[in-house]
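Heads up: the sequence shown begins at 26 in this note's numbering, then just goes up one per residue.
Here the structure comes first, spelled out in structure tokens, and everything after it is commentary.
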Amino acid sequence: MLNPTDLGSNYFYEVSLNDIKDDRLAVKLSVFGIKTEEAVFNFPRIVPGIYGAMDFGRNIVHFQAFSGNDTLPVERTGTNSWKIHMAYKINEIRYEVDDGWEVFGSGVQEGFYRSAESSFTKDKVFVINNNTLFGYFSGGEKWPVYVSFEKPADFFAATSLENRSKNPQKDDFFAKNYRDLVDNPILYTRPDTVNLHIGNTLVTVACYADSGRKLAAEIGRKIGPLMEHQRAYLGGTLPVDRYTFLFYHTSHSKPGEYTGDGLEHSASTLCLLNSQTDSSLLDRFVYGIASHEFFHVITPLTVHSEEIEDYDFLAPRMSQHLWLYEGMTEYTTMHMPIKEGLEPVEDFLLEIQRKALHMKQFDNSIPLTELSRAAMDRQDQYYNFYLKGALVCLCLDIRLRELSEGKYGTQELMRDLSRRYGPDKPFKDAELFDVITSMTFPEIRTFFRDYVEGSEPLPLEQFLSKAGVRFDAKRNTAALAPDATPQQLQLRKWWIGS
Ligand SMILES: [Zn+2]
26 MLNPTDLGSN
36 YFYEVSLNDI
46 KDDRLAVKLS
56 VFGIKTEEAV
66 FNFPRIVPGI
76 YGAMDFGRNI
86 VHFQAFSGND
96 TLPVERTGTN
106 SWKIHMAYKI
116 NEIRYEVDDG
126 WEVFGSGVQE
136 GFYRSAESSF
146 TKDKVFVINN
156 NTLFGYFSGG
166 EKWPVYVSFE
176 KPADFFAATS
186 LENRSKNPQK
196 DDFFAKNYRD
206 LVDNPILYTR
216 PDTVNLHIGN
226 TLVTVACYAD
236 SGRKLAAEIG
246 RKIGPLMEHQ
256 RAYLGGTLPV
266 DRYTFLFYHT
276 SHSKPGEYTG
286 DGLEHSASTL
296 CLLNSQTDSS
306 LLDRFVYGIA
316 SHEFFHVITP
326 LTVHSEEIED
336 YDFLAPRMSQ
346 HLWLYEGMTE
356 YTTMHMPIKE
366 GLEPVEDFLL
376 EIQRKALHMK
386 QFDNSIPLTE
396 LSRAAMDRQD
406 QYYNFYLKGA
416 LVCLCLDIRL
426 RELSEGKYGT
436 QELMRDLSRR
446 YGPDKPFKDA
456 ELFDVITSMT
466 FPEIRTFFRD
476 YVEGSEPLPL
486 EQFLSKAGVR
496 FDAKRNTAAL
506 APDATPQQLQ
516 LRKWWIGS
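The following block contains the structure:
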């Protein structure tokens, strides 16, 4: 591995959206000050938020390194990596990039995350995931990145990246390092945007629809109130100053059929949808995506382990805490509407039944910590984090409320974890259960040992009964217990407010 101080210290990238040839964009990187004989330039094999290898280097062609007008010897050492010899002479790298998909439609290939890929449609729309267009040197993951896009003057770049250009035909973005660049996708198209002020957070909704319909205002009206409730649920403040929803829609005319894909980032979410152009359907989809993805600002975006903080784009080490990143986010998504009084208890109970039923299709004997570490190889079991993962967090919430006599639940736990850790302050993967135990009750260590690290069947019936909910595992029914004791009613009130 190269010592980063032996290499240059900034990336200066240039791309023109006006010059697209054979569906490819040409990228130019200026580099200075590399002092080593060899340097290795890479594209990610995988990016945060997805759990399957994508090999983004596969879309790169005509890779060349230059010293003035001379080309330098380059060896492609794998799908994603190029070794450059006489690297101390480099001042420029050039290559071309193909997009990952053309038009978003049905026909999903398993394990192919389109929301992590780019798509170019000349004069119409560019979905840019920076991990597909730009690479990094081994050892140079922390260098600042400058990216300059030439563009049609009537195109607008929706992104949470900082734009330093005042020129309508050019954007100059800055990212503090490569990970930050990858964390901020860009949607380039003719503007259809609205801005919402949610507390101290500026939220931008930016849309592209192949039908030509303007969607941003309608989507803003739908998710504005949702985000206000999310803010209230999180204790009144959101952990980001700026947030961007990037929304890409292609239409078809088959009733009831739709295909969607979404990927969350620290300050944005990219949503892709192929459906009928029907308002209620769009509303439902966007609402569903926004309600889950936005809660990721808490975890893993604020609360995460070192495995995520020092992300290795070629061979990531997997954290054991997907039960938290996806399970808690999904639990929060189902708990917020009942806790904030937005939905009747029956809807909440239906969601519990639905998750408990679907969970049966998965192998629940694999401990969640083990499944998390093996997430890339166990794609077949991954969805269980949204089912068992969420229900484990539900039981944890009830247990915490019980032990604290109502004062403390997962809401307070996530608030306290956000204060203790942060976007630049990860936790140690092996220590999290002990830390949470020290913040709460000794009994919580047993809870984690049994149901998260262990393979004890989750006694949903028993936990729900503490809160006066009768769950019949055989028939998979959940209902309020008519004979609930005052203690059970009290715990239920603490837990869901009704
Ligand atoms: Zn998620």
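Think of the CB as a built atom: it goes at the ideal place given N, C-alpha and C, for glycine as much as any other residue.
Quick check: residue i and residue j, are their CB atoms within less than 9 Å of each other?
| i | j | result |
| --- | --- | --- |
| Ser293 | Phe270 | yes |
| Val128 | Thr275 | yes |
| Lys247 | Tyr312 | yes |
| Glu142 | Asp124 | yes |
| Pro98 | His87 | no |
| Gly285 | Ile314 | yes |
| Leu349 | Arg426 | no |
| His290 | Tyr446 | no |
| Pro341 | Ile71 | yes |
| Ser131 | Pro264 | no |
| Gly164 | Gly224 | no |
| Val370 | Ser523 | yes |
| Ser144 | Glu243 | no |
| Phe66 | Trp126 | no |
Alpha carbon to alpha carbon, how far is residue j from residue i? Give it in angstroms, no decimals.
| i | j | result |
| --- | --- | --- |
| Asn28 | Arg474 | At Asn28, the pLDDT of 48 sits below 50, so the modelled position is not reliable; the number obtained from the coordinates is stated separately. Cα to Cα, the separation comes out at about 41 Å. |
| His360 | Glu486 | 18 Å |
| Glu175 | Ile45 | 11 Å |
| Ser64 | Lys167 | Note that residue 64 is Ala in the sequence shown, not Ser. Roughly 16 Å separates the two Cα atoms. |
| Trp519 | Asp266 | 31 Å |
| Met26 | Asp405 | With a pLDDT of 42 at Met26, under the threshold of 50, the modelled position of this residue cannot be trusted, and the question is left open. |
| Ala51 | Ile118 | 11 Å |
| Leu227 | Asn209 | 16 Å |
| Leu288 | Phe272 | 11 Å |
| Phe338 | Glu481 | 34 Å |
| Ser316 | Thr358 | 6 Å |
| Leu374 | Pro193 | 52 Å |
| Asn43 | Glu368 | 49 Å |
| Ala381 | Leu54 | 51 Å |
| Glu39 | Ser173 | 5 Å |
| Thr471 | Glu332 | 25 Å |
| Ile461 | Gly479 | 17 Å |
| Thr146 | Asp48 | 8 Å |
| Leu505 | Pro484 | 17 Å |
| Asp217 | Arg424 | 46 Å |
| Gln345 | Glu395 | 7 Å |
| Ser278 | Gly82 | 35 Å |
| Leu297 | Lys239 | 16 Å |
| Tyr203 | Gly103 | 20 Å |
| Leu347 | Asp179 | 42 Å |
| Phe181 | Thr214 | 6 Å |
| Phe488 | Phe198 | 50 Å |
| Lys453 | Val417 | 21 Å |
| Thr30 | Glu456 | Residue placement at Thr30 is poorly supported in this model, since its pLDDT is 49, which falls under 50; the coordinates are not used for a value here. |
| Cys420 | Ala492 | 10 Å |
| Gln513 | Ala415 | 22 Å |
| Phe525 | Pro325 | Because the chain is modelled from 26 through 523, residue 525 falls outside the range shown and cannot be assessed. |
| His383 | Arg500 | 13 Å |
| Pro507 | Asp372 | 18 Å |
| Leu306 | Gly281 | 9 Å |
| Phe37 | Tyr476 | 48 Å |
| Tyr138 | Asp80 | 11 Å |
If I'm right that residue i touches residue j with Cβ under 8 Å, what's the distance once you round it to whole angstroms?
| i | j | result |
| --- | --- | --- |
| Glu365 | Ala257 | 6 Å |
| Ala231 | Leu212 | 5 Å |
| Asn154 | Leu206 | About 10 Å; that fails the 8 Å criterion. |
| Lys413 | Leu393 | 7 Å |
| Ile521 | Ile363 | 5 Å |
| Thr327 | Pro451 | About 10 Å separates the two Cβ atoms, so there is no contact after all. |
| Pro69 | Asn35 | So it is not a contact: roughly 20 Å between Cβ atoms. |
| Ser185 | Tyr268 | 7 Å |
| Gly237 | Val219 | The pair is not a contact, with the Cβ atoms about 17 Å apart (cut-off 8 Å). |
| Pro177 | Lys201 | With a Cβ gap of about 28 Å, Pro177 and Lys201 do not count as contacting. |
Say the cut is 8 Å; is the CB of residue i nearer than that to a heavy atom of ligand 3?
| i | result |
| --- | --- |
| Tyr350 | With respect to small molecules bound, the structure shown includes ligand 1 and not ligand 3. |
Next on the checklist: Contact between the stretch 72-92 and the stretch 387-403 is defined here as three or more beta-carbon pairs at a separation below 8 Å; is this criterion met?
Outcome noted: yes
Next on the checklist: Can you confirm whether the stretch 381-396 touches the stretch 404-413 when touching is taken to mean that 3 or more C-beta pairs between the two stretches lie within less than 8 Å?
Outcome noted: yes
Item to check | Cβ pair count under 8 Å reaching 3, the stretch 100-115 against the stretch 57-65 | outcome: yes
Checklist entry - Would the stretch 182-195 and the stretch 158-169 be scored as touching if the rule is three or more Cβ pairs under 8 Å? => result no
Item to check | Segment contact flag, the stretch 238-252 with the stretch 334-354, C-beta cutoff 8 Å, min 3 pairs | outcome: no
Checklist entry - Do the stretch 431-450 and the stretch 461-477 meet, that is, are 3 or more Cβ pairs less than 8 Å apart? => result yes
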